[in-house]
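Peer 1:
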Amino acid sequence: MAESLETLREEVLDRIARCATEPEIEDLRVEYLGRKGRLTLLLRGLKDLPPEERPQAGERLNQLRRLAEEKLAARLAQVKAREKERILREETVDITLPGSRWERGRMHPLTLVMDEIIDVFLGMGFEVARGPDIEDDYHNFEALNMPKDHPARDMQDTFFVSQDRLLRTHTSPVQIRVMESRRPPLQIIAPGAVYRHDDDATHSPMFHQVEGFMVDGHISFADLKGVLTHFIRRIFRPETKLRFRPSFFPFTEPSAEIDMQCVLCGGEGGKREGSACRVCKGSGWLEILGAGMIDPQVFKFVGYDPERVSGFAFGMGVERIAMLKFGIEDIRLFFQNDLRFLRQFV
Amino acid sequence: MKFTFNWLKEFVGLRASPQKIAEALTMAGLEVESLVPLDPGYATRHPGERDWLMEVNVTPNRGDCLGILGIAREVTVLTGGRLKPPRVDPHTGDASARRAVDVRIASPRLCPRYSARVVHGIRVARSPSWMQSRLEACGVRPVNNVVDVTNWVMLETGQPLHAFDLERLSSKRIVVQRAGAIKKFVTLDGIERELEPEDLLICDGEVPIALAGIMGGRDSEVRPETGSLLLESANFDPLTIRRTAKRLALHSEASHRFERGVDPEGTLYALDRAVWLLKEIASGSPLGGVADRYARRRKSAALWLRHQRVKALLGIELASGEVEKITRALGLKIRRRSKTGLQVIPPSYRPDLAREADVIEELARVHGYDKMPATLPLVRAAGGMADGHLRRERAMRSFLAGEGLTEMIHLPFTSREMNRRFPGLWRGPRPAVEVLNPLTQENAEMRLSLIPGLVESLRAQVSQKSKGFYGFDLGKVFSLGFTGAPEERQCLAGAIFGYRERRGLRVKEQSPAAFLDIKGLVEGILELVGVAPQVIWTGESLPPILHPGKGASLEIAGSRVGCLGELHPDLCEELRLPSFFIFEVDFEKLLQYAPREFKVRSLRRFPSVERDLAVVLDDGFPAQRLVNWIKEQFNHSLIEEVQVFDEYKGAPVPQGKKSLAYTISYRAEDRTLTDTEVNALHGELVSRIGQVFGAQLRE
Ligand SMILES: [Zn+2]
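First to last, the sequence lines map onto chains A and B.
Position one of the first sequence corresponds to residue 1 (my numbering), numbered consecutively onward.
Position one of the second sequence corresponds to residue 347 (my numbering), numbered consecutively onward.
(1) Can you give me, in chain order, the residues of the region 802–814 of chain B that have a beta carbon less than 7 Å from any beta carbon in chain A?
(2) With H, G and I counted as helix, E and B as strand and the rest as coil, what does DSSP make of residue 1001(B)?
(3) For ligand 1, enumerate in chain order all residues having a CB closer than 5 Å to any of its heavy atoms.
(4) Since residue 821(B) sits in a beta bridge, which residues does DSSP pair it with?
(5) Can you list the alpha helix (DSSP H) stretches of 4 or more residues lying completely in the region 959–1033 of chain B, in chain order?
(6) DSSP three-state label for residue 570(B), please.
(7) What does residue 215(A) pair with, by DSSP beta-bridge criteria?
(8) Taking residue 462(B) and residue 483(B) to be in contact with their CB atoms under 8 Å, please state how far apart those CB atoms are, rounded to whole angstroms.
(9) Do three or more CB pairs link the region 98–111 of chain A to the region 253–267 of chain A at distances below 8 Å?
(10) Just confirm the distance between the C-beta atoms of residue 606(B) and residue 750(B), as a whole number of angstroms; I'd bet it's less than 8 Å.
(11) Would a C-beta distance cut-off of 8 Å place residue 130(A) and residue 169(A) closer than the cut-off?
(12) For residue 199(A), return the contacting residues in chain B, with the cut-off set at a CB-CB distance below 7 Å.
(13) Using only CA atoms, which one of 48(A), 206(A) and 137(A) lies nearest to residue 177(A)?
(14) From 66(A), 42(A) and 80(A), pick the residue whose C-alpha is nearest to that of residue 4(A); which is it?
(15) With a CB to CB cut of under 6 Å and the five nearest residues on each side skipped, what residues in its chain are close to residue 514(B)?
(16) For residue 119(A), which option in 317(A), 210(A), 62(A) and 19(A) has the closest C-alpha, if you only look at C-alpha atoms?
(17) Who are residue 510(B)'s beta bridge partners in DSSP?
(18) The alpha helix (DSSP H) with residue 468(B) in it runs from where to where?
(19) In its own chain, which residues sit with a C-beta less than 6 Å from the C-beta of residue 699(B), not counting the 5 before and 5 after it?
(20) Counting along the chain, where does the alpha helix (DSSP H) carrying residue 82(A) start and finish?
(21) Can you pull the chain B neighbours of residue 180(A), defined as C-beta to C-beta under 8 Å?
(22) Quick one: does residue 854(B) have its CB under 8 Å from some CB of chain A?
(23) What number of angstroms, rounded off, separates the C-alpha of residue 928(B) from the C-alpha of residue 922(B)?
(24) Just tell me which of 427(B), 379(B), 406(B) and 408(B) has its CA closest to the CA of residue 361(B).
(25) Sort out for me which residues DSSP pairs residue 203(A) with in a bridge.
(26) Can you find at least 3 beta carbon pairs, one from the region 312–319 of chain A and one from the region 279–299 of chain A, that sit closer than 8 Å?
(27) Which value, in whole angstroms, describes the spacing of the CA atoms of residue 1040(B) and residue 887(B)?
(28) Taking a contact to mean a Cβ-Cβ separation below 8 Å, would you say residue 662(B) touches residue 718(B) in this structure?
(29) Would you say residue 958(B) and residue 1003(B) are within 8 Å of each other, going by their C-beta atoms?
(30) So what's residue 277(A) in DSSP terms, helix, strand or just coil?
(31) So with CB distances below 7 Å, who are the chain B contacts of residue 256(A)?
(32) Can you give me, in chain order, the residues of the region 830–851 of chain B that have a beta carbon less than 7 Å from any beta carbon in chain A?
(33) Check the DSSP bridge columns for residue 631(B) and list the partner residues they point to.
(34) Within a Cβ cutoff of 6 Å, which residues of the same chain sit near residue 675(B), ignoring the five residues on either side of it in sequence?
(35) When the Cβ atoms of the region 927–943 of chain B are set against those of the region 862–871 of chain B, are three or more pairs found closer than 8 Å?
(36) Are residue 782(B) and residue 161(A) closer than 8 Å when you measure CB to CB?
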């Protein structure tokens, strides 16, 4: 008896280990543990043994039954897990297929750059003001200290819509309009379209500017330098080198033009390569902003006392900044609205 | 202003390299636009001499730097070198010239000074090659020795000169006067010019011989046989010269300088320099005297330069020693010193220094902008926030881009033709704003609507064989108001055509842009601004640009705020474009109606129950009518929402009819509705619809 049980145990364990599918395990369970299973029958046959052998044989038979049950359950779990794994493997998708979605539209590159500029100034506490595109001569020229017949008007070829009205040649008239209606302290930026009678690869009859100004009791040229340096380093790289050059605008005194280190050659001017850099024409510098302390005459036009307030103003071309940022060489691309161009701006 | 580096060195002691000088000038506001070595051809005429051509961008306030002398003065200020003006033939005080010609200034305001010398014995010939090649390098065409000398001296001193053939001045009485009754004048280029009474002329007695400060006359010009000269060195009113030059489109080197202001104190030096050169190269023998009328002396006013003001404006304290050094180097005279500042008198060649601020700029300029500190000012204003307008613009652009439309920016110019076709959203027919000096006739008017720009972009896209176009423009439109004053409004417009592009595997049934797509976009816009509930949609009185059956007009409080739909087929045919859909809304007006705030509704506690309903109605029946009727007439408190979800035409629905399907949501505030309850109510609704609309129910 003991010997045959040992053989049976080995046989059972061996067969369980060789089961590969759920039905096979179930069949095996029925074969040994079912109502007519071999172990069941052996257990039932205990009663035919002599009474002194029964407890020991019963104990061993029960042990074998529990072992078989455990092993069957364990094998079943194993087989199920393997089966699940197999099914999941069969379901695998090709992750190299293209994802599906609708193509997004894009925002215009000028909007992207304009937003960036506006946000830097909002962060510095400036607010946004707007003005009309069709201006009168007074706000566009006179009040900015450019009387009729002033040679400075030659610098801004103008589109006229009537004797006295024109398409604003810069966003500076917004400066006048704001100062006419409000008192300092003021720190304002005025973004918008401006117009010049010009059309070639570097000039468009319409382009965009952001005008900005700050007026209070004690604003100095040093403040102008501070604010504009901060701005350019935010828009371009933090380590960008700048230079402030004296210049002339009728509505500022002193006036400055601000150059930044060339974005292409890094200020080298292309001397190392032996030919002049095509972005900065070899100078290493790019003109990026015009600025200055607001001329006392302008304050008089808007009824401020130049002895009590001072301030600076600046203006920049949005297209120019976008062209430098993105390496665009023809300004007309901005207004041709070719999707092959616009799509490139994510 | 172009000149050569060696020429500049004749005026000022210089050891620095041309590159160093160019850098110094640029950083002092006289931007050197180019510095190039002169070509080998130039060098062969000046053996052993290396030279550079410098081009300085002289700003309109610095007329004094339109001559090498002025640039040289700047260089001395910046480098501390000494000015060494070139040689002259000094005039004498005798009356020889005054006897030869009589000079009279009839309009002293327009001509403050007129100086002249007389040179006999002239032999007109070609100039020596050193003079010709230098002039040529500087962009001046050599003519003959006399004319070349006048140009040469103008480049040197900034003072324009003119040489008349003395023998051809019949009366020898120079009168500077307005043209008045003189109507015509032939300039030396042979062109007859129409004069205005305000133009200033130089006359010989009654006969005009020059358009003052602009160009001489043909009849008194120097010719090969000329033997005696009257050399003019005068000063004219900038505005008068500018008006005449502009009107006649006659921009000369002389007028350019007079417009920007020439120093009246400099006329005699220029004359004497020219006479010296004429003696050298044209065998001239001058009269010693000068005929000089100085009708109006401009006195430079003294002005105070306050230390405190310098500090306030520049943000630095300049040592008073440096302030004095700079002012003196610039040629200003210091008249008085006080505790608070200096009283200074600017030199006659710097009329741009009329106010304290002008002199402070000079201090900053010479001190060097780069040496000034950079500080961040204390912020006192309460700005720093994006206003509602900016926020909504940004939201709108993001929304439309997310919906697949690409933002476009168009030039606001269009043709009369396009404005006639697309009159925009203006109330009633509005005239367009005309550009008086357009670049081309296709750009002669300001757009009334944003559609023309989008149409052109669509056309370009279609011609590239593109299957779709989805674009929008948020920009201004313009018109003339009833008073004749221009008006501008910010509008938002879009155009969609064909298939919206999709990434990934090909979708089997994608449909091209249709009316409901454009309507969906506009609904989204209205929802985003928050005005959707206030907008009335109507298919009546559509703008003629739209397909009469596939368009809608939007109104708020009785005024039109937008329109959308398919472009009228006739218009598409005229434009040679396939059919497409557009919308245009008055963005500014929408913002006026935008609610400033909103409150959330509490969340519903009990679930809703949905029931569908399909009815067969006449083809012309507007789907929304049934929604309105259910909400307004049937009006049951348990009906929460009614939505159309399908429209169907075709078998088995009879011809002339269509099937419309709606979802009704039922909900109670205080309990979960039972099926029985909902079925009863829905049944009642269905039978009422049957009665009221004669609608057939459909399963
Ligand atoms: Zn470069």
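All C-beta atoms in this analysis are idealised placements derived from N, C-alpha and C, irrespective of residue type, glycine included.
Peer 2: Quick answer:
(1) Taking a C-beta cut-off of 7 Å against chain A, the contacting residues of the region 802–814 of chain B are 803, 806 and 807, listed in chain order.
(2) The answer is coil: DSSP assigns residue 1001(B) none of H, G, I, E or B.
(3) Every residue passing the under-5 Å Cβ criterion appears here: 262(A), 264(A), 265(A), 277(A), 279(A) and 280(A).
(4) For residue 821(B), which the question treats as bridged, DSSP gives the partners 837(B).
(5) Segments of the alpha helix (DSSP H) lying fully in the region 959–1033 of chain B: 969–974.
(6) Note: residue 570(B) maps to coil in three-state DSSP.
(7) Under DSSP, the beta-bridge partners assigned to residue 215(A) are 186(A) and 311(A).
(8) Rounded to the nearest angstrom, the Cβ distance from residue 462(B) to residue 483(B) is 30 Å, too far for a contact under 8 Å.
(9) The answer is no - the region 253–267 of chain A does not touch the region 98–111 of chain A, with fewer than three Cβ pairs under 8 Å.
(10) Rounded to the nearest angstrom, the Cβ distance from residue 606(B) to residue 750(B) is 55 Å, too far for a contact under 8 Å.
(11) At the C-beta level, residue 130(A) and residue 169(A) stay beyond 8 Å of one another.
(12) Correct list: 785.
(13) Nearest Cα to residue 177(A) within the set 48(A), 206(A) and 137(A): 137(A).
(14) If we check each option's Cα against that of residue 4(A), 42(A) comes out closest.
(15) So the list reads 566, once near-sequence residues are dropped.
(16) Of 317(A), 210(A), 62(A) and 19(A), the residue nearest in Cα terms is 210(A).
(17) Looking at the DSSP assignment, residue 510(B) forms a beta bridge with 576(B).
(18) From DSSP, residue 468(B) is part of no alpha helix (DSSP H); its letter is neither H nor E.
(19) Cβ neighbours of residue 699(B) beyond the five flanking positions: 692 and 705.
(20) 54–91 is the span of the alpha helix (DSSP H), which, as asked, contains residue 82(A).
(21) Going along chain B, no residue has its Cβ under 8 Å from residue 180(A), so there is no contact; the nearest lies around 17 Å.
(22) For residue 854(B), no CB of chain A lies under 8 Å from its own CB, so it is not counted at the interface with that chain.
(23) The alpha-carbon atoms of residue 928(B) and residue 922(B) are separated by roughly 16 Å.
(24) Taking only the C-alpha atoms, the option nearest residue 361(B) is 427(B).
(25) Residue pairing by DSSP puts residue 203(A) in a beta bridge opposite 200(A).
(26) In this structure the region 312–319 of chain A touches the region 279–299 of chain A; the number of beta carbon pairs closer than 8 Å is three or more.
(27) Rounded to the nearest whole angstrom, the C-alpha separation of residue 1040(B) and residue 887(B) is 29 Å.
(28) Residue 662(B) places its beta carbon less than 8 Å from that of residue 718(B).
(29) The answer is no: Cβ separation not under 8 Å.
(30) Residue 277(A) carries a coil assignment under DSSP once its states are collapsed to helix, strand and coil.
(31) Those are 715, listed as they occur along chain B.
(32) Residues 832, 834, 846, 847, 848, 849, 850 and 851.
(33) DSSP, once it has assigned bridges, lists 466(B) as partnering residue 631(B).
(34) Excluding five sequence positions before and after residue 675(B), the CB atoms of its chain that fall closer than 6 Å to its own CB belong to 423, given in chain order.
(35) A contact exists between the region 927–943 of chain B and the region 862–871 of chain B.
(36) Yes, they are a contact pair.
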